[in-house]
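Below is one structure, written out as C-alpha cells; the observations come after it.
2 protein chains.
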Amino acid sequence: MDNKLMLMIPGPTPVPEPVLLAQAKHTIGHRSGEFSEIFAEVTANLKWLHQTQNDVLTLAASGTGAMEAGIINFLSAGDRVLVGSNGKFGERWGLVAEAYGLEVDWIKAEWGKPLDVSEFVSKLEADTEKTIKAVIVTHSETSSGVLNDLEAIAKVTNAHGALVIADAVTSLGATSVPVDEWGLDVVGSGSQKGYMMPPGLGFVSVSEKAWGAYEKATLPRFYFDLGKYRKSAAKDTTPYTPPVNLFFGLQVALQMMKKEGLEGIFTRHDRHRRAVRAAMVALNLPLLGADECSSPAVTAVMPSSVEAEQIRSVMKKRFDIILAGGQDHLKGKIFRMGHLGFVCDRDILNGIAALEATLMELGADGFSPGSGVAAAASQL
Amino acid sequence: MDNKLMLMIPGPTPVPEPVLLAQAKHTIGHRSGEFSEIFAEVTANLKWLHQTQNDVLTLAASGTGAMEAGIINFLSAGDRVLVGSNGKFGERWGLVAEAYGLEVDWIKAEWGKPLDVSEFVSKLEADTEKTIKAVIVTHSETSSGVLNDLEAIAKVTNAHGALVIADAVTSLGATSVPVDEWGLDVVGSGSQKGYMMPPGLGFVSVSEKAWGAYEKATLPRFYFDLGKYRKSAAKDTTPYTPPVNLFFGLQVALQMMKKEGLEGIFTRHDRHRRAVRAAMVALNLPLLGADECSSPAVTAVMPSSVEAEQIRSVMKKRFDIILAGGQDHLKGKIFRMGHLGFVCDRDILNGIAALEATLMELGADGFSPGSGVAAAASQL
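Taken in sequence, the protein lines are chains A and Y.
Residue numbering for the first sequence follows our numbering, beginning at 57 and increasing consecutively.
Residue numbering for the second sequence follows our numbering, beginning at 57 and increasing consecutively.
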C-alpha cells in the first residue's frame, strides 16, 4: 500500500514527523547567527549523547565518510593498526586503512561471533615497541547483529597507549557509549541510525590524545581534515557549506532524545532487543548471534524451514514492512530486523505479528501461531 | 521579521516549496526498488543538465568534497597540475592538490579579474613532454563574481591532452556548461546553488578519458573513490548510504528545471545578471569585475561612499535580505548579491529596491532614488 512503509532495517530508520517537517523549513545562510545558534545547540547535545567533553564534529557525509575521517586524520602511511573484523563494517574499516597505506593487522571472528578480546590483549601486550598506533573496532556490527565488547577492547588499548578508533554507527543512541569513561579516542557515527534522522550527516568525536596524534599524522586529507572542523566549531560554524536542512532536523531529533533521556533510550532499545530475540526463539527461527553479544539495534535471523528472502518478500508485499537481507556471504541466508531509533513497543509487536503471519503464509513449520507475539509481549 | 528571510547569497539559494516539502517525506530504504527508481531519474536529469553522456555521480558531500573527489581520483602523487586561481575557490582547489602531494603550477589573476587564457596556452604549449596531467579551473568564481573562459581553457587543454577538471559549483544551472561540447573531463558542483536545493549533495561528472586516468591514478581514497560510485550507479544505487531525503528534494528540483528548460534557465540568469549590474551602475556602486567576465550567479560590488558591511547589516535588519560579504582580503570591502537558482524577476526588483532604501538610510551620496529599480527593470 502506498505511503504505509514501515522500516525495520538497521538504517535508514523511522524518522519522527517533527524531524521530517523541520527539514522542510526554508534554508538559511550557513554563515548567519541563526545557523550558529543551531550549530551550538546541536554540538552541545551531541556531546551529551556521546557522554563526552571531547569535540564532536559533524560532517556532510555518510557514516563511512565519518569513519574514514576518524582514521586518516590520526595516522601516517606505514603505521600499524589492529583492526577487529567480524562483519561487513569491521572489514570495511580495514579496507579504508589499507587504501591509505596503513599496515593492517587483522583480528577476525566469524560473522555472528564477537571479537575475542584476548586476541587484542595478546597482540597489544606483545607489542612492547609500541608499533601499533591504533585499534579500530566496530561496536555494533550491523551486518550480523553482534555487539562487540568495546569497553574491554578500549581498556586494553588504553593500557597499551594506542588510539581507540570506534565505529559506533549503530550503537550510539541505541546503547550506552560513554566515550570519556571508556576512553574512546575517536568515535564515528551516522545520522540515519539511533539519531532518528534521515541519512546525510556523519559524526566524529575526537579526544585530546587523538588531537595530539593529529599533529603528527601525515595522511593526505582536505575535505575530511578534522582540524579544520574543530577550528570552525570553536566559532560555531563549519569549514564547508553544511547541509543546513539536515541540521534543522537534527536539532529537533536531539531535543527529542534529550527529553527521553539516555536511560530511557537505552532501556527501550534493550527491551526491544530482548523482545525480538524472545519472539524469534518462540517462532523457532534460529538467531545468528548469541544473547550475550547481541546488538540493541538489529537482530540477525537464519531461518531454516523457509527462505530468508521469501520472508522479506512477503513482509514487504503483504505488510509493507522492510527487513534487511544478509550481506556478502550471508546474502540470502539471513534476514535482519532493525529495531533502533524512533521505535516504540507497538512497532515491535507489529513487526513480530507480521512475521508470524508471513511464516503462516509461507507454510513454515515448527511454530505455534501467536507464540512470537506472546514471547515479545512478555519482554515489553 | 521572523520567517521572512530572503537569501541573496551565492548559496544556499532559495528553495522552492515543492522541493522543501519533498524532503519531509518519510525516509525509505536506500536498497529498495523505490529508491533505485528515484536514483535513475535523478541521474538521467543530471546528465541532461550537464549536457553530457558522461557519468554524473552524486555524493553525500558539499561542493568542496565533490571537487576533491574530482581531483584525487585521476592523479598520482607528484603529478603536475595547472591551477587557475583568481579567487577563494580557485585557490582552494590548488590547496587540495597540494594537500595530496601534487605539484601545483599556479596561474593567478587578481580577484575580480578573469584568468588569462594566454597564460594557459603558454604553459601548455611549452609542456612538450606532457608533464602537466590536469588543468584545474573554476568557471564561476563565487568569491568575486567573475566568470572565467572555461570553454577556451578547456580547448587548449584538450589540444595538449591533459585532463580538464572544472569547478562549476555556481555555474551549473545558471549558465550553459556543455560538458561534452567543451570537452570537460571532470566537473564538480553542489546542490545549494543552481540546483535550487539545500546543501548536502555534491556532483561529479566524469568522462571516459578521465576514467582512463582513474585506472592509473594512485592517490589514496575510499569514501570518495568514484569508481565505486560508477559501479553502483550502473545498478541504480550508491556504494554508501545516500541522503535519501535530499534525493527526494533533488528529484523535484530537477523536474522543475526540466520543465523550465535549459534555454529558459540560462536566459533568466543572464537577464538577472544584466539587471543587477545595470542597477549597481545606476546607483553609483562600483562593480568589482567587468561585464565581459561577469558571473550569471553572483555580482560583487565595492561601494565607496558607504561601508559594505553597513549595507549588509541594514539589508538584513530592515528588509530581511541576506547579502554575502567579501572573503579573505576582500572582507569588509565588498558585498555580493547572489541571483542564482530559484530567483524570479520580482526578486531582482525586490533586492534592488531594498538596496536603494538601504543606501538612503545610510545617507549614501551620488545616486538618485529610483534609478536602480528603473535600470534593473529596463533589463528585465
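Where a beta carbon is used, it is the ideal one built from N, C-alpha and C, also for glycine.
Within the 9 Å Cβ cut-off, does residue i reach chain A?
| i | result |
| --- | --- |
| THR293/Y | no |
| ASN59/Y | yes |
| GLY345/Y | no |
| SER427/Y | no |
| LEU275/Y | yes |
| TYR279/Y | yes |
| VAL300/Y | yes |
| GLY244/Y | no |
| TYR285/Y | no |
| GLN248/Y | yes |
| ALA116/Y | yes |
| GLY256/Y | yes |
Should residue i be flagged as near chain Y, meaning a C-beta pair shorter than 9 Å?
| i | result |
| --- | --- |
| THR69/A | yes |
| PHE130/A | no |
| GLN366/A | no |
| ALA80/A | yes |
| GLN311/A | no |
| GLY119/A | yes |
| GLY407/A | no |
| LEU151/A | yes |
| ALA155/A | yes |
Determine the closest residue to residue i out of the options, with distance taken between C-alpha atoms.
| i | options | result |
| --- | --- | --- |
| ARG286/Y | THR184/Y, PHE303/Y, THR274/Y, GLU264/Y | GLU264/Y |
| ILE163/Y | GLN307/Y, SER369/Y, ALA430/Y, TRP149/Y | TRP149/Y |
| ASN129/Y | ALA117/Y, ASP421/Y, TYR156/Y, GLY140/Y | TYR156/Y |
| LEU240/Y | ALA290/Y, ALA266/Y, GLY250/Y, THR226/Y | ALA266/Y |
| MET253/Y | ARG277/A, ALA224/A, PRO298/A | PRO298/A |
| GLU147/A | ARG374/A, LEU436/A, SER199/A, GLU185/A | SER199/A |
| PHE322/A | HIS86/A, THR226/A, PHE304/A | THR226/A |
| VAL98/Y | ALA269/Y, PHE280/Y, PHE304/Y | PHE304/Y |
| LYS389/A | GLY397/A, GLN366/A, ASP376/A | GLN366/A |
| VAL212/A | TYR251/A, ASP172/A, GLN248/A | ASP172/A |
| VAL260/Y | PRO276/Y, THR274/Y, ALA289/Y | ALA289/Y |
| ALA430/Y | VAL202/Y, VAL332/Y, LEU206/Y, ALA116/Y | VAL332/Y |
| GLU197/A | LEU180/A, LYS189/A, ASP223/A | ASP223/A |
| GLY121/Y | ASP384/A, LYS179/A, TYR279/A | TYR279/A |
| GLY126/Y | VAL202/Y, ALA165/Y, PRO276/Y | PRO276/Y |
| TYR296/Y | GLY258/A, THR274/A, GLN107/A, ASN301/A | GLY258/A |
| HIS195/A | VAL242/A, VAL152/A, ALA215/A, LEU151/A | VAL242/A |
| ASP205/Y | GLY426/Y, ASN142/Y, GLU159/Y | ASN142/Y |
| ASP292/A | THR69/A, GLY382/A, GLN107/A, ASP111/A | ASP111/A |
| HIS328/Y | PHE398/Y, LEU306/Y, ILE404/Y, LYS373/Y | ILE404/Y |
| LYS374/Y | TRP238/Y, LEU131/Y, MET416/Y | Here the sequence assigns Arg to residue 374/Y, which means Lys is not the residue at that position. That would be MET416/Y, whose Cα lies nearest to the Cα of ARG374/Y. |
Just to make sure I have the definition right: I need the residues of chain Y whose C-beta is within less than 9 Å of the C-beta of residue i. Which are they?
| i | result |
| --- | --- |
| VAL260/A | The contacting residues do not exist; VAL260/A stays about 13 Å from chain Y at best. |
Check for me: the alpha helix (DSSP H) holding residue i runs from which residue to which?
| i | result |
| --- | --- |
| VAL332/Y | 318-338 |
| SER351/Y | No alpha helix (DSSP H) contains SER351/Y, which DSSP labels as neither H nor E. |
| TRP104/A | 89-106 |
| LYS81/Y | Taken as a continuous stretch (DSSP letters only), LYS81/Y belongs to no alpha helix (DSSP H), as it is neither H nor E. |
| ALA431/A | 427-435 |
| MET123/A | 119-128 |
| SER71/A | It is Val, not Ser, that sits at residue 71/A in the sequence shown. Neither: VAL71/A is in no alpha helix (DSSP H) and is coded neither H nor E. |
| LEU282/A | 282-289 |
Which stretch, first to last residue, makes up the beta strand (DSSP E) that contains residue i?
| i | result |
| --- | --- |
| MET64/Y | 62-64 |
| LEU113/Y | 111-116 |
| LEU180/Y | First-last for LEU180/Y: 173-182, but that is the alpha helix (DSSP H), not the beta strand (DSSP E). |
Note down, in chain order, every chain Y residue with its Cβ under 7 Å from the Cβ of residue i.
| i | result |
| --- | --- |
| ILE65/A | GLY85 |
In chain A, what lies closer than 7 Å to residue i by C-beta?
| i | result |
| --- | --- |
| LEU436/Y | Simply none; closest approach about 24 Å. |
| GLU124/Y | PHE278, TYR279 |
Could you name the residues of chain A that residue i contacts, counting a contact when the two beta carbons are closer than 9 Å?
| i | result |
| --- | --- |
| LEU76/Y | GLN79, ALA80, LYS81, HIS82, THR83, ASN301 |
So, does the CB of residue i fall closer than 9 Å to a CB anywhere in chain C?
| i | result |
| --- | --- |
| TYR296/A | This model lacks chain C altogether; the protein chains it does include are A and Y. |
Just to make sure I have the definition right: I need the residues of chain Y whose C-beta is within less than 8 Å of the C-beta of residue i. Which are they?
| i | result |
| --- | --- |
| SER88/A | ILE378 |
Legend entry - At least three beta-carbon pairs within less than 8 Å, the segment 301-320 of chain Y to the segment 63-79 of chain Y: yes
Legend entry - Cβ contact (3+ pairs, closer than 8 Å) linking the segment 224-231 of chain A and the segment 404-414 of chain A: no
Inset, instruction - Flag this pair as touching only if the segment 79-89 of chain A and the segment 88-95 of chain Y have three or more C-beta atom pairs under 8 Å; answer yes or no. - result: no
Legend entry - Contact between the segment 174-194 of chain A and the segment 338-357 of chain A (3+ Cβ pairs under 8 Å): no
Legend entry - Any 3 or more C-beta pairs closer than 8 Å across the segment 111-120 of chain Y and the segment 108-119 of chain A: yes
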